[in-house]
Structure formats: C-alpha cells, structure tokens
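Line order of the protein sequences matches chains B and D. Residues -10 to 583 (my numbering) make up the first sequence, in order. Residues 18 to 607 (my numbering) make up the second sequence, in order. To keep things clear, I will list the structure first and then write my remarks on it.
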Amino acid sequence: MADRKLYDESAEAMTGNPQQIQAIGETRHCVVLAGPGSGKTRTLTTAMARSLLEDVAEPRGIACITYNNECAVELEDRLQSLGIESDDRVFIGTVHSFALSQIVIPYARCVYPGFPEDISVASKSQQDTARDTACDMVITDGSNQRDAWFNAVTKRKAIIDRNDPSWVNASPRLTRLIETYEAELRKNSLIDYEDMTLIAARMIIEHDWIRKALRAKFPVLFVDEYQDLGSALHNLVLQLCFVGGIQLFAVGDPDQSIYRFAGADPRLLESLSSREDVVTIQLPFNYRCGTSIIEASNAALGEERGYQAPEGAHKGEIIFNPVDGGEDLQANFVFNTLVPSIIEKGVRLEDIAVLYKDANVGNLLSGVADSLGFSYIRADKNALVVRASRISRLTESCAKWTMGGWQESDPQFRRLAYEAQTLVYGKATGVERREIERELAIFLHKNTMTELSTHEWLLLFKKDLVNPWLTKARTQTDDWAVLEQMIVKTDPETGQDISMLHFSGRFEETGRINLSTLHSAKGREFPTVILFGMNRRTFPDPRDANKPEAIREARRLFYVGVTRAKNNLHLVFQRKLFTPWVLELHRRITPKKS
Amino acid sequence: MYLSRVKIKNYRNFHSIDVSLEQQAVILGENRVGKTNFLQAVRLVIDSSLPDYARKLKLSDIWDGHDWATDPTVEVHLDFSDFDANPDLLALLTDYRLSDDHNIARLSYVFKKRAGITGPAKTEADFDFILYGSGIETNTISRSVHQRISFALLKALRDAENELANWNSSPLRKLLDDAASKVPDEDIAAVAAEINTVSKKLTALPAISKLEESIKSRTAAFTGPLQDMKTKLGINPTDPFRLFKNLRLLIDDGKRGVADASLGSANLLLLTLKLAEYEWLREEKEHNYTILCIEEPEAHLHPQLQRAVFRKFFEDMEDEPISLILTTHSPNIAAISPLNSIVMIRSSESNDQSHIYSLAKLDLEKDVHEDIERYLDVTKAEILFSRGVILVEGDAEEALIPVFAKTIGENLDESGIAVCNVGGTHFSSYLKFVKALGMPYCIITDWDPQEGKTALGAIRALRLINLTLNLSGENNLTPVEEATLLTDDEALKNKAKEYSIYLNNSTLEVEISNTAGVSAALLDILEERDFGSIRSKRISGWKDGTVPVNSEQLLSMITSIGKGRLATRLANKAGIQPPAYISEAINSLK
C-alpha cells in the first residue's frame, strides 16, 4: 500500500510545476509527454501512489507496464520509495508479463478448450525445435524453409486479427506454417513472446467478460516509456483502455524512441495523444541538465523543443575532446587522461558514465579499464550482471547479502526468497515457498563472508541451488542460461575472475565508474557523461545512409546520450573525423563572433 | 455473488457429496447427520480466522469408510457464481475461474498425503493441506480473498447474553468505536466535564461522601501508605476517550440491561448487531462479502416470533452481499423458508455416510412453485421432516389413507410418513420436489378409464415413469416399450409399481364400493352423523339396498367428517381391508 506521508512529500515537491500537479490528479485518459529530466518517473510514481490512496480501493488495484525488465526493475525501486510494492493488487512488469500473467494464464484455459493449464515460456531451443518441426511438416516441396519462416514471422507480426481475411487467404501456406508452429509449442504447454501479446489481444477483443475482469482488477493502467511500444503492444493497450474502459495513464517521449529494431514506433504515442478522449500534458521543465546542455540538446536532436531549466539552474559545461586516432586511442585517452582529470576536480568515480554504441565497444573500454585497475559497473549485453535477467540479479543480490548485507538486512532475505520463488515457480504454493526459503537460507548461511572467488561461488550457487531448482522449476526460460554465461564470463583461465567483494559491489573506499551503451543509459542520469566514439563512420551508421527513419532514430539516440548529463558533458571523437552532429552542437553553443 | 455449490469428499460424515445452493440455504436434518460438519467443511476453505493447525485434520476427521491403502484425500470445493456483478468481488475472484465454465470461481481445500511419502499414509504427519483456486493446485489463493470474504458463524450453543456483555467480543464495540471517532473532540470534552460535575455532586451527597471516606481510610490502613490505592467513588472513567465504553445497550426504553433480556431477545439482539457489524465492515471496505452461518436461529424464540422474524429476515437478506446458511430443527422456519433454499442432509440406510439434497436447482413453474411453498407453510413443513411421503390426488385419499394404514397395522404418524394431497393429478411437480429431497415416496393414483380410448391413468403413469427416469439421468422408455405397455394394462401397472406408482382399476370411488366391507363400514359411520334430510335419506337408501351406492356422493360425505374421527371409527371396525393397491403403496414405504 502506498504511504500517505511519502506521497504527500512527493506531491509537495511538485510545487511550481502545474503540469506535473495536473498530471498526477488526472482521472481521464491521459498522456504525459515528458522530455529528458522532466521528472517523468516522479510524475508516474506519484500518480500511481495517488491512485492507490484516493481512487482505487482494495481489493482492486493498478497495473504499471513497461517495455522491458530493466525498466520494470528501475520502476520497482522507485515505487518502493513511495511504499508501493508489487503484490496481488499492484502489477509492475513488462507488457509481456502482464499479457502472460494477467490474461493468458488465468483465462486462456477458459476460452480455448484444451489450452494447457500449466503454460510456460518456450526457451530459444524449444522455439527452434517447434519451428523446425513445423517447417518439415508444411514446407515439403523442397523450397527454402528459412525464407518461408522469415516471411511467416513477418506475417504473424503484421496481422493481429486471425479472423481477418488476409490472415486466412493471403499466402495460406505461411498461415499454416505459423499455426503448425504454435500447435507444436502448445503440445508441450509452451508459449513464445509473440504469442503472449497476440493471444492476449485476441482474447480481450473477443471476450467482453475478460475486459470486464481486467477493468475490475486494474481500473487504471499506467504505461511507462510508451514510445518504445510496437504496434502489437500498442494495440493491446488500445483494447484494454478504449474498448475495455480502463483508465490510461501513459508517459513517454517520442524523441527518446530508440527501439525501432524491436518494432517501436514513436508515432504510436503521437497518435494516442492526438485522440479526442485523451488529455495530453507536456511537462515543460528539464530539472536534470545544465542550461547549456539543454540548449545543446536541441541541436543534438535537430529540432527545437523549448524545454526550460527551472529558475536558478546551473549552466553546465560541454567539453569537446578530439583524439588523434580511432577507438583504441580514444579508449586509452578516456582512462589515462580524461577520467583522472575529472576525478582530480573532486568528481566521484560512480558519478561518471562512459556511454557508447554497443557491447563490442564495451569490451574495448572494459579491457582498458581492467588494465588500469578501474572498477566499473557495466550495462550492456556483455555485462557480468545482466539487469534484464532475473537469475543474474538474484546472484548479485545474494552476493551482496553474503558479503555483508546480512548484517543490515540489505537486501532483505525475504526479498531474495521472493525473487527465487518467482524465478523457479512463477507463482509458488505455500509448500514450494517454504522449501525454496529453506534451501536459500542454508546456502547463504553456509557461505556467509565466503573467501571463494566469484567464479567459484557461482559454480557452487549453480550446483547447490540452481541444479536442484531446475529439476522442479515450472518456468523454462532462457534466463537460466544467463548463469552459465556468468560462469564463463568469470573464467579464471581467461583472467576474468573477480573477488566476491568486487562482484557484490560492497566497496567502502572507491566507487565504480559506469560503462553503458546509449540504449541501456536511457532513463538514467549521471553528473558527468562521457559520450565515447562520436566518430563520423559510427554516427550515423553508413549503412543507414538512405534510410531517413533510421537516421532520425540514430539522432534520437545521440539526443538521449547528450541529455543523460547533469553537469558536464564530454564528447570524445577522432579529430576531424567526428560525426556532423558534434559540429552542429559545437556551433550551437559557441557564441557567434560579431 | 453467492455460494452456489459445495463439494465434499471424505470429510467426517461425508463420503462424497455435491450440492447446489442458493444465496440463502436452510439446512435440515436429524441430529448427528453432519449439519455442523458441513459448515466446518466450508470453514476449511474460506474462514480466515481458522489457524493452520485447525486445517491440519486429525485422522479421525477422515470419513470412516475410506480405504487406507488408496491414500484417502479430504476435499472441499466451494463454487461461487454471479461474482462479476460487483467489481470488488470480480477483482477478488477472477483468477479462480473454472476452465470449463468461466462464470464459476472455485476455491478448494485439500488434505492429502504429502509429496515424497512412499507407501500408504499412516499418521497425521504424513498429510498436509493445500488451498487453491480454479481446480488447479498451483493456483494458490491470494491472502486478500481470505481477508475480504469473511466467514461468520453463530454457533448453536452460543451464549448471546455473554457475547453482548463482554466488551471485547461484543459486535457493538466496532460500531461504537466508529461512531465515537466521528464525534468532535470539543463535544467529547464538554460531555466529560458535565459528567465530572455530576459525579462530584453525587459523591458530595453527605451519605455518599461518608461512605467514600470510610472505604478510603480502611483500604489505606490495610495496605499502608506505600501501596495506597487512593480509592474514590465516582462515575468512572471520565477520561474522554474511554467515555464511550461506558455506553451499554439497554432494552425496554432503557429500563433494563441486556442481561435482563429474555434468552430469545438476547439472541435476536446478537443477530441484529452482528448484521450491523458486517454491514459496517463492508461499508468501510474492510470486507466485501460475508458467508454468514447461523446454527439453530430459532433458539429460545416463540414459534410465532420465529415465523414473523425469519420471514422478514429472508426477504431483507435477499439483496445483501451475503451467502446465508442456516441450520435448523424448526418446522416454523422451514415452513417459511424460500422453497429453493431448502437443503436436507440425511443419513444413508447403512448409516455409514450422509447424503445431501437441495432444492436449489428445483425448477418449477411459478404457480406450482407458489403452491408448494403455500403447502409447506400451512402444513408446517411436515413433509420436510417426514421419512417418506405418499402423494395422493385429493381430499378423500388424504382422509382415508391414514385410516387404511391403521387397519393394516401401520401408524403413519409414528413412522413419519406424510400424506401429501396434490389436489389433482399434476404429480410431476411434486415428484420433482420429493425426488430432489431424496425422500422415499409413492404415488397413489386412479386408472381413470376412458370410453374407447387409452385410460388417462395409463398415460399419466407413462409420463411419470419417464420423468422418474429423466430425474435419475436415464433415458426415456423407447416408443416400442411404451406401445407394448399400452397394450397390456397389467404389465403397465406392474411396471408403474417399479417406479412407486400405484394404480387401481378405475377410480377410488369404484374401488371403495368394490372392496368387501369397506362400503358397509363407511355407511355405518356416516349414519352416526347428522346430515341434512336429503343426505340422510340417501344413506338409508344405500344401507337397506333399495338404491345402489353412489361412491362419489359417499366419498364427498366422508371427507366432511373429521379425519381423526373417521380413523378411530373405522379402525374400530374389525377385519376391514383397504383396496389392494393402497395396501401395496403403504407397504412399499415400510
């Protein structure tokens, strides 16, 4: 339950921002357009708290859906600070987990006779097996199965309504391929990610009582980062809210839409806010960035947004760091020269973030950081701890507990046990809960303040806990494989093993510098940001030269990077071979010579 | 929403029962058939006040007839219907819908052998219970379901007076606390000041202050100065916040406290206050629904009051978010209960288990429904407390059959057999009614021959046979079977007997005149009574044989004689044998 006092404080802090105040009190469908640093998450979480305190009484609740697990975790943390925890009446999670746990699992068995009651998510290999079986059954004329599959997947994503004539009539073989594939999955009580939203959307379209039930449980639906939703998820939201009568509270920023490769489309948010039955509120302030960085962000985006800094805001500083050489030299420059000079000015290591394009660049940077003895937290797909993975987060939390967290109950054992139960069973029964609690307690106590290395501890974690869990798990996700990857990533043979103190991040003396892809940095902020490798042949990618949509998206990514900085923004690039956007930015903030 | 179905397996008296309920259920049954056990089974699923250890059953709670080798499992399943009309209840229960019927939410309790125990379970420790929904064991029931659907039980042996008097258990407490919290502080302070003044005035009265002083000095002397309790007389406590606790419920315009109320009034008060408490809890959104069980609500109430109070009670409760379950031995309450609320628990013949029957699904046409309700009302629901019932066509049968029974040595009253006068030949509704109650029955009806056509009784018998088959879930007679039976009256009558339908050869009137001795005996009795001149003349004519007996007229005269008198008179006539079909019918219920 939301805490009244914490809510009051949070709402109090909105004094002087009428738009935020209007947003949190809104009881109609509402879209909040929130630029960088505009207090988007505060607005969202405060609105949720207000809903729980004033509008929605027990046993009814609210749901907040996010695009990915990382956002969900981030949001859960923020909501905890308002006293809100996810439970029976507060759902916080991804659209997919909402579709699965709130629509497909409870109701599909009621509307599709024979639908498995114990459905679980298919792993990659299970999907592949089903795909191969389906291809062998349907594509029997010797034509290319791979092409057929590719086309079938496209068709599956494009047509949500299976009663639509185009699903049945146009290229019926592809239809048959998909239907066979889905039947193969279902035979093994499996469902894939695409299924979740498709089935859920179909169910709410077809059954009034399901819409009614969802409205009863969650009369208000909050959606974070709406610009990241693709059309299938957008459609799901439209059905829930504009057919099902659930009140919508969506926040997002089309300018920060950077998941086009996954189907995201910023126009969907725009179409939502242009509806007559939707109140659109634009948050005007940027509380995060210094005035010069706000100014620069307009140039970064290439469009004027008119965000204002609150009165008395600091100016901030933008520093251009040309390097004579490519990424290798730039990486050396960052850790040998730039970072030490920043620290010298009194900035703490954990207040610095190096942002870059992708995990390969991350490898380069972490290699240099390792060689110079910097500790870091890495946020990209090669990171040791993958934020989007439950097992990965659980091992990290367990390590924290083991290496001293047990003394101050941070993290709480209760929370660890809950994570483990959810990981193994989804929704656990009483007996199952007690069993997991006992196993986890025994393991953690046995290894308190362990002297094992991270690699050794992870191996033990796998042998003592995860292997027995796997034999009884009801969830079969690819998540378990992440533990394997962590074990490989800490292999002492390759010199990557680290101490448990290091892994658990329990350092008293020095902090860790942040290494993150631009994508993973979305939604976060750092006092000092180093935009790494802003080179001509990287931004934008030359392959995108003829794709205006892709270029626009790349530019939005650059905008996201620029707006992560609170005080100091460093741009690191190759001298004379920088991206044209750096130049634009430079021109914008350099006073014209008169 | 209402609790629409209960299934119990292997629990105490119940081997396996499955019963439909309406929003109001009135459970009837003799002592020890398991009425309280039924309520207890419901508690295992839904009562949040039941601690876990109470859900761990004793081996003796498992039905006696189970086979240990097959690992008996105790199961209780509660089905809820119409929960989607209220968003709160919908939010609570939507996760527990049944796969094959999404309009039903099911909550279950199961007590079974733990996983991992090999071989048959032997001790209580080998068992554990689980609670789950939608018939899927992994679908655990959320805590909020237990918090928000409350179970309340007023036990048979309740001590109403004590419950009302004890502040902590009194239902008045929450209501009073709530009301008090709405009184402005300054008002409380003002009243407290006034009470203080009055208190001082009272204790300032010379006699009182003298007493006060004397008590004070005595205790002080006794305890010594260190332990001095500083006693005082006064209206206490005048502390504003505790002021309201001094309020007591009074009756008779404030002349008496509840302790002085009659047991019956105290029970009514308790019930009224409990209902107010549940309503308040729902208004405060603490609860959303109540399953309210009252054992023997008739306790200590005069029959007349029982009828009046509970007739209104049933009406008032109809639209409340309450599932009401009463258990009762009171014919007065049974007589005014809505027909579909009647539930009957009955012990099996071998006495090793109890069966349950319900009228919840009894679907009759409106006028027949009302007929039966009226019938129950005027007969004080006699039929519901009987062990068997004879369904007959009219007043004559109703009057004569108990008499005939006596002549063949059966006392229907003593053996608990009721004669139910259907008032015509529309037996089918009554047949549905007695079948639904699982009651032993027989039907006595006329053959009613028709000139040149199939006898009405034959058609009626076939219809009733088919209905009986239907009600037992069996197929109708085939057209060939029917046609064959219609060609052979005797075969049809024998077939009908298999279905407890007893037919004569024509009509009761004719049977009477054809049965040796009966007619003469009846004439004797009639003669003793003063009828008008026409009737008296008719009787004497029949008697001396100058006029052939008109049975129809004879029977109409008989029904005007009191049943009791007729019976005694006839019983005194030795050696009279009733018509054979009637004897057979009576004997079939032995």
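Just so it is clear, CB atoms sit at the ideal spot from N, CA and C, and this is done for glycine as well.
8 Å Cβ shell around residue i - same chain, five flanking residues per side excluded
i, result
"residue 499 of chain D", "479"
Contact list for residue i against chain D, beta-carbon separation under 9 Å
i, result
"residue 416 of chain B", "155, 156, 157"
Residue i at chain B interface by Cβ criterion, 8 Å
i, result
"residue 129 of chain D", "no"
"residue 307 of chain D", "no"
"residue 145 of chain D", "yes"
"residue 90 of chain D", "no"
"residue 104 of chain D", "yes"
"residue 72 of chain D", "no"
"residue 165 of chain D", "yes"
Where the alpha helix (DSSP H) containing residue i begins and where it ends
i, result
"residue 19 of chain B", "Counting along the chain, residue 19 of chain B falls outside any alpha helix (DSSP H), though it belongs to the beta strand (DSSP E) covering 19 to 23."
"residue 419 of chain D", "412 to 424"
"residue 568 of chain D", "568 to 576"
"residue 215 of chain B", "Here residue 215 of chain B belongs to no alpha helix (DSSP H), and DSSP marks it neither H nor E."
"residue -4 of chain B", "-7 to 1"
"residue 205 of chain D", "202 to 221"
"residue 329 of chain B", "328 to 333"
"residue 356 of chain B", "348 to 360"
Amino acids of chain B, ordered along the chain, whose beta-carbon sits closer than 8 Å to that of residue i
i, result
"residue 114 of chain D", "95, 96, 99"
"residue 302 of chain D", "46, 47"
Neighbourhood of residue i by C-beta, 6 Å cutoff - its chain only, sequence neighbours within 5 removed
i, result
"residue 622 of chain D", "With chain D covering only 18 through 607, there is no way to say anything about residue 622 of chain D."
"residue 6 of chain D", "Chain D is shown only over 18 to 607; residue 6 of chain D falls outside these bounds and no answer can be derived."
"residue 237 of chain D", "245"
Partners in chain D for residue i, counting only beta-carbon separations shorter than 7 Å
i, result
"residue 198 of chain B", "101, 119"
"residue 206 of chain B", "108, 111"
Limits of the unbroken beta strand (DSSP E) element including residue i
i, result
"residue 437 of chain D", "434 to 438"
"residue 98 of chain D", "91 to 98"
"residue 306 of chain B", "306 to 312"
"residue 41 of chain D", "41 to 45"
"residue 270 of chain B", "268 to 272"
Neighbouring residues, chain D, relative to residue i (Cβ below 8 Å)
i, result
"residue 201 of chain B", "101, 107"
"residue 106 of chain B", "116, 153"
"residue 77 of chain B", "159, 160, 161"
Secondary structure of residue i, DSSP reduced to three states
i, result
"residue 553 of chain D", "helix"
"residue 24 of chain D", "strand"
"residue 410 of chain B", "helix"
"residue 312 of chain D", "strand"
"residue 586 of chain B", "With chain B covering only -10 through 583, there is no way to say anything about residue 586 of chain B."
"residue 564 of chain D", "coil"
"residue 53 of chain B", "strand"
"residue 506 of chain D", "helix"
"residue 283 of chain B", "helix"
"residue 402 of chain D", "helix"
"residue 230 of chain B", "helix"
"residue 361 of chain D", "strand"
CB contact check: residue i to chain D, cutoff 8 Å
i, result
"residue 293 of chain B", "no"
"residue 334 of chain B", "no"
"residue 419 of chain B", "yes"
Closer than 7 Å: residue i CB and nearest the ligand NAD heavy atom
i, result
"residue 552 of chain B", "Questions concerning the ligand NAD fall outside what the structure shown contains, since it holds no ligand whatsoever."
Close-in-space but distant-in-sequence residues of the same chain around residue i (CB under 7 Å, 5 per side omitted)
i, result
"residue 371 of chain B", "348, 351, 352"
"residue -8 of chain B", "71, 72"
"residue 377 of chain B", "57, 58, 59"
"residue 517 of chain D", "458, 459, 460, 605"
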